[in-house]
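The opening residue of the sequence shown carries number 0 in numbering that gives the first Met the number 0; numbering runs sequentially from there. Beta carbons are placed, not taken as given, at the ideal position from N, Cα and C, and that holds for glycine.
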Amino acid sequence: MKLWVRLVAAGALVSLFVAALTLSGVAATNNVVVKMLEFKFDPKEIAVKPGKVVFDLRNTGVVEHNFVIPKVKVNSGLVKPGQTKKLEATLPAGRYELVCDVPGHKEAGMVGTVVVK
Ligand SMILES: [Cu+2]
0 MKLWVRLVAA GALVSLFVAA LTLSGVAATN NVVVKMLEFK FDPKEIAVKP
50 GKVVFDLRNT GVVEHNFVIP KVKVNSGLVK PGQTKKLEAT LPAGRYELVC
100 DVPGHKEAGM VGTVVVK
């Protein structure tokens with residue numbers, strides 16, 4: 000009887016351990032800081048792993064910018080100067096063109112690449 004109780008307790012511990020591992024896996028989400036300013040993304044080439052990605056966008060410039068990946072229809076919407084915005088996306092492996100589609104910004108060089116591998 001006592002052995003049986005111990006086995007159940009051990010099983011519960013194993014379950015807790017697995018739950019903790021699962022939770023730490025969630026915490027290991029691809030999180031990348033991207034600065035937006037006139038007229039560029041910093042870094043210009045952003046490397047992430049496939050799956051769920053959180054782009055931590057920071058507008059360090061003086062006009063509004065956005066973060067758009069046309070191929071997968073990811074669009075942050077406008078981010079005001081001095082503001083930050085978290086943008087979640089699920090990306091398969093590949094290379095994606097990144098642009099700021101505020102009129103004139105792409106033409107001024109506000110482009111980049113998101114490399115997922
Ligand atoms: Cu811009």
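Checklist entry - Is the beta carbon of Asn74 less than 7 angstroms from the beta carbon of Val53? => result As a first step, residue 74 must be located in the sequence shown, where it is residue number 75. As a first step, residue 53 must be located in the sequence shown, where it is residue number 54. No, the Cβ-Cβ distance between Asn74 and Val53 is not below 7 angstroms.
Taking the alpha-carbon positions, what's the Gly115 to Glu37 distance? On the sequence shown, position 116 is the one that residue 115 refers to. On the sequence shown, position 38 is the one that residue 37 refers to. Going by the sequence as given, residue 115 is Val instead of Gly. Between Val115 and Glu37, the C-alpha separation is close to 25 angstroms.
Q) Of the residues Asp55, Val71, Lys79 and Val101, which one's Cα is nearest the Cα of Asp41? A) Numbered from 1 along the sequence shown, position 42 holds the residue referred to as residue 41. Asp41 has its Cα closest to that of Asp55, out of Asp55, Val71, Lys79 and Val101.
If you follow the beta strand (DSSP E) that Asp41 is in, where does it begin and where does it stop? Counted from its first residue, the sequence shown places residue 41 at position 42. Asp41 -> beta strand (DSSP E) spans Lys39 to Asp41.
TODO: Report the residue from Ala92, Gly76, Val62 and Val61 whose alpha carbon sits nearest the alpha carbon of Ala46.
DONE: Walking along the sequence shown from the start, residue 46 turns up at place 47. Among Ala92, Gly76, Val62 and Val61, the Cα nearest to that of Ala46 is on Ala92.
Notebook entry, point to check: Taking the alpha-carbon positions, what's the Pro80 to Lys34 distance?
Noted result: The count along the sequence shown starts at 1 and reaches residue 80 at position 81. The count along the sequence shown starts at 1 and reaches residue 34 at position 35. Whole-angstrom Cα-Cα distance: 11 angstroms.
### 8 angstroms Cβ shell around Leu77 - same chain, five flanking residues per side excluded
Translated into positions along the sequence shown, residue 77 becomes position 78. Excluding positions up to five away in sequence, the list reads Glu63, His64, Asn65 and Val101.
Excluding sequence positions up to five away, which residues of its chain have a Cβ less than 6 angstroms from the Cβ of Val110?
-> Counted from its first residue, the sequence shown places residue 110 at position 111. So the qualifying residues of the chain are Val98.
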